[in-house]
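Using our numbering, you'd call the opening residue of the sequence shown number 4 and step up by one each time. Glycine included, every Cβ here is placed at the ideal spot set by N, Cα and C. Heads up: the structure comes next, in structure tokens.
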Amino acid sequence: ATAISVGDLNEKIAVEAEGEILQLKDTLNQMVDSLNDFAKEVNRVAKEVGIEGKLGGQAEVRGVAGVWKNLTENVNLMASNLTAQVRNIAEVTTAVANGNLSKKLLWKRKAKF
4 ATAISVGDLN EKIAVEAEGE ILQLKDTLNQ MVDSLNDFAK EVNRVAKEVG
54 IEGKLGGQAE VRGVAGVWKN LTENVNLMAS NLTAQVRNIA EVTTAVANGN
104 LSKKLLWKRK AKF
């Protein structure tokens, strides 16, 4: 459990148990599997979209609910927004390079630049 608490999701609880302790152990190990799946997907999407420039990446984590579902949806929304912005910038840049000054950036930004 100490390894898991510091982010080592390769460790599982491996003690012999029965009854309620066995259920607790199995539930914690399932939680570790879910955390590991979630972390892998978020890292994959972040790497694809943010580092490799592969636009359109989406995280797929099966069987999640609650906060994990919300986090997955927000990661996907962030990736989609970034993809749309980059594609819009590319479209406007290409139009300007070809002498078409009528194209505009379409997204509403909330941050100040």
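Which class does K72 belong to by DSSP, given the choice of helix, strand or coil? DSSP places K72 in the helix class (H, G or I) of the three-state scheme.
G10 versus G102 - alpha carbon distance: Straight-line Cα distance between these residues: approximately 52 Å.
Return the CA-CA distance between I54 and K15, expressed in angstroms with no decimal places. Whole-angstrom Cα-Cα distance: 31 Å.
Going by C-alpha to C-alpha distance, which of D29, L58, V99 and G22 sits closest to A4? Measuring from the Cα of A4, the nearest candidate turns out to be D29.
I want to know whether the stretch 81-89 touches the stretch 57-70 - three or more CB-CB distances under 8 Å. Flag = yes, the stretch 81-89 and the stretch 57-70 touch.
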